[in-house]
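Engineer: This is the structure I have questions about; it appears just below.
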Amino acid sequence: MNLAKVSSNGQITVPAEIRRRLGLKEGDKILFIEREDGEVVINNASASAILKAQKAFAGIAEKMGVKDETDVQALVDEVRYGKGKAN
């Protein structure tokens, strides 16, 4: 269990152990999520965004035939230069 004090400006210092567990670095944003039971959970906003993106795109790479970095680069080239895997 960790404890943090709220300053007069509403700021808190995230305890070092929690920063390590969440992989927080200076400048990172923290996401506060309120559950249905009223409990509030904090997450590293960047990590949460990556996980959501991974879930949203699950299976898409396979459908597009993207198997490795070369395929990804070909898609980037296609978007940038109008050439690549699809041409």
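This note's numbering numbers the first residue of the sequence shown as 1351 and each following residue consecutively. All C-beta atoms in this analysis are idealised placements derived from N, C-alpha and C, irrespective of residue type, glycine included.
DSSP three-state call for I1362: helix, strand or coil?
Structural biologist: Position 12 of the sequence shown, counted from the first residue, corresponds to residue 1362. Three-state DSSP puts I1362 in coil, outside helix and strand.
Engineer: Assess, as a yes-or-no matter, whether the region 1403 to 1420 is touched by the region 1376 to 1388 under the definition of 3 or more beta carbon pairs within less than 8 Å.
Structural biologist: no
Engineer: Can you give the Cα-Cα distance for K1417 and Q1361, rounded to whole angstroms?
Structural biologist: Along the sequence shown, one-based indexing puts residue 1417 at 67. Along the sequence shown, one-based indexing puts residue 1361 at 11. When rounded, the distance between both Cα atoms is 45 Å.
Engineer: Please state whether DSSP places E1384 in a helix, a strand or coil.
Structural biologist: The residue labelled residue 1384 in the question sits at position 34 within the sequence shown. Reduced to three states, the DSSP call for E1384 is strand.
Engineer: Where does V1391 sit, in a helix, a strand or coil, going by DSSP?
Structural biologist: To locate residue 1391, count along the sequence shown from 1; it is residue 41. Correct three-state label for V1391: strand.
Engineer: Buried or exposed: which applies to N1394, given that a residue is buried once 16 or more other Cβ atoms fall within 10 Å of its Cβ?
Structural biologist: On the sequence shown, position 44 is the one that residue 1394 refers to. N1394 comes out buried.
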